[in-house]
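First up is the structure itself, then whatever we jot down about it.
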Amino acid sequence: MKDILYRDKQYVKFCAYGFLKNLRFYEAFIVLFLLGKGMDFTEIGLLISIREISIILMEIPSGIVADAFGRRRTLAGSFVFYIASFAMYFVSDSFLLFAMAMLMFAVGDAFRTGVHKAMIFEYLKIKDWEKHKGAYYGHTRAWSQTGTAVSSVLAAIFVIVSGSYPAIFLLSIVPYFIGVFLIMSYPKALEGETNLAKHIPLKEKFTDVVMTFFNAFKNKDMMKGLMNTSIHSGYYTSIKDYLQPLLQSLAVALPIIFFQDEARQTAMLIGIAYFVVYLSTAYMSRSAGKLGAYFDNLAKPLNLTLVIGFTTGIISGVLVHYGFLALAALFFILILLNENLRMPLGIGYIADHSDQKVMAGVLSVESQAGSLFAGIIAPVAGFLADRYGIGLAISGITLVLLAISPFFWVKNKMA
32 MKDILYRDKQ YVKFCAYGFL KNLRFYEAFI VLFLLGKGMD FTEIGLLISI REISIILMEI
92 PSGIVADAFG RRRTLAGSFV FYIASFAMYF VSDSFLLFAM AMLMFAVGDA FRTGVHKAMI
152 FEYLKIKDWE KHKGAYYGHT RAWSQTGTAV SSVLAAIFVI VSGSYPAIFL LSIVPYFIGV
212 FLIMSYPKAL EGETNLAKHI PLKEKFTDVV MTFFNAFKNK DMMKGLMNTS IHSGYYTSIK
272 DYLQPLLQSL AVALPIIFFQ DEARQTAMLI GIAYFVVYLS TAYMSRSAGK LGAYFDNLAK
332 PLNLTLVIGF TTGIISGVLV HYGFLALAAL FFILILLNEN LRMPLGIGYI ADHSDQKVMA
392 GVLSVESQAG SLFAGIIAPV AGFLADRYGI GLAISGITLV LLAISPFFWV KNKMA
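To convert, take the position in the sequence shown, counting from 1, and add 31; that gives our numbering.
Dropping the structure here:
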């Protein structure tokens, strides 16, 4: 596998895409930024819900559009919306303006998710490397996590120097601007079977893609596969940023004071913590192929990591509630690691049972389902956090998810 990667120029581009995409310098501070703007956890949860539900509404046709008009153009266009979103965050100071920024972000996310994964799997099919899809995708995802690790350190340095959060949104524009040109340099073969390329009438093309798309979901086991992956992803999206106020509390409680200013002290701890966390998640993504190879099928590790993720969340919430913040942070981090271990396995599992013609559509629906779960969980978690505290909010919600998780366990083989 390593020999393939070292010889493959497109692999470098795929990794560069993931690295640039995750240079979101604001991400490690987004909750603290919003809290500083006067938002409470309920409002932050609602903003997350607005973003995720908007993704659902706009992502329904996104995979079809990508398959009909070309994946490269769709992906490059999504980056333009991201850039607009970052600019809006920089100038916003009210719930309504932040909601607009979330909406623009949702447009970008809707037309990105699923599309790049489909391009990777299309490339592997062209090269006859499909048997390596778990490891290959895991390696590219690892570079995404490396980008996040680097961005957290750079953002922390910037906050320490400036003492301010807003300008990190402007910094996030730079890698996305570069990303537009990187995407357009991808081989035309990865554009997909497009309407423009074959001059097929638009109505006929959409009808063909839509019919194939819906036929892919007649199998109940396929739906379970999608739900197994997306319920944990939605949970992860909803609660992952609660690590920030947790680390803020730890920073204030540190016996050694590096900075008198709380924001700078917090930025230092967050920068270090997120750097270590995302380097670790990068390793977990690279290890996904090894874990998948250890089992005779992907169903077993998917079910196992689903239970592990939720169990870890319950423990973390209980520890937060009783004030064991350092230990709670460690268990919280395990949730992040678990998500990045299971995601490549889930994507590979779904790809095994998807029609190549509508791969972007199928993978977009996986992300869409994750957005639906996040859109439901986030505002509930925010409300409970304001009313009962972060610890009880996380442990309570996670307990419910663990209880219903058997409904999403996948079987060894699909019919």
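Heads up, the beta-carbon is just placed ideally off N, CA and C, and yes, glycines get one too. Keep in mind that this is a model prediction, so the values were computed, not measured.
If you draw a straight line from the C-alpha of residue i to the C-alpha of residue j, how long is it?
i	j	result
N259	F438	9 angstroms
V338	L433	7 angstroms
P276	L322	33 angstroms
L274	A313	18 angstroms
F326	I87	33 angstroms
S261	G413	20 angstroms
G210	Y48	6 angstroms
F208	L202	11 angstroms
F56	Y196	10 angstroms
E378	V396	First, the residue type needs correcting, since residue 378 is Ile and not Glu in the sequence shown. Rounded to whole angstroms, I378 to V396 spans 12 angstroms at the Cα level.
F45	I151	8 angstroms
L51	S175	8 angstroms
V283	R295	11 angstroms
N2	I81	Since the first and last residues shown for the chain are 32 and 446, residue 2 lies out of range.
A118	Q279	26 angstroms
A99	E222	10 angstroms
P332	V192	44 angstroms
Y353	I421	11 angstroms
V411	L335	26 angstroms
I204	G256	35 angstroms
D140	S109	7 angstroms
S125	A166	43 angstroms
I366	Y267	7 angstroms
V43	G169	14 angstroms
L403	V431	16 angstroms
R143	W160	23 angstroms
H230	G76	Any reading at H230 must be qualified, since the residue scores a pLDDT of 47, below 50, and its modelled position is unreliable; the value itself is stated next. Each residue's Cα considered, the two are about 45 angstroms apart.
I407	D272	16 angstroms
G194	G67	13 angstroms
A405	I428	12 angstroms
A360	Y120	28 angstroms
Shorter than 8 angstroms from the beta carbon of residue i to some beta carbon of chain D?
i	result
G427	Among the chains of the structure shown, chain D does not appear; only one protein chain is present.
Which of the three DSSP states, helix, strand or coil, is assigned to residue i?
i	result
T336	helix
D39	coil
Y314	helix
I70	Checking the sequence shown, residue 70 turns out to be Met, not Ile. Of the three classes helix, strand and coil, the one that applies to M70 here is coil, per DSSP.
Y309	helix
N259	helix
A198	coil
K442	coil
L285	coil
F326	coil
G427	helix
G420	coil
D292	coil
S109	helix
S29	Residue 29 lies beyond the range of the chain shown here (32 to 446); nothing can be said about it.
S7	Residue 7 lies beyond the stretch modelled for the chain, which goes from 32 to 446, so this question has no answer here.
S454	Nothing about residue 454 can be read from this structure; the chain reaches only from 32 to 446.
What are the boundary residues of the alpha helix (DSSP H) that includes residue i?
i	result
N371	356–382
Y57	Unbroken run through Y57: none, as it is neither H nor E.
T177	164–193
K140	According to the sequence shown, residue 140 is Asp rather than Lys. Note, D140: alpha helix (DSSP H), 126–141.
P218	Here P218 belongs to no alpha helix (DSSP H), and DSSP marks it neither H nor E.
A149	146–158
Y353	Segment: none, Y353 is in no alpha helix (DSSP H) and carries neither H nor E.
G101	Neither: G101 is in no alpha helix (DSSP H) and is coded neither H nor E.
Starting from the C-beta of residue i, find all residues in its chain whose C-beta is less than 7 angstroms away, skip the five residues before and the five after it, and write them out in chain order.
i	result
T342	L433
D71	D417
R317	G169, H170, A173
Just to confirm my understanding: we take residue i, look at its own chain, exclude 5 residues before and 5 after, and list those with CB closer than 6 angstroms. What are they?
i	result
S426	I345, G348, V349
L415	A424
M483	No information on residue 483 is available, as it lies outside the stretch 32 to 446 that the chain covers here.
V184	G302, F306
G178	F50, N53, L54
T73	G413, F414, D417
W440	N334
L310	A180
L63	Q275
A107	V211, I214, M215
Here's a check: name, in chain order, each residue in its chain whose Cβ is nearer than 8 angstroms to the Cβ of residue i, leaving out the five neighbours to either side.
i	result
F60	A186, V190, Y196, I199, Q275, A298, I301
F18	One cannot answer for residue 18 here, as it falls past the ends of the chain, which runs 32 to 446.
Q41	Y154, Y217, P218
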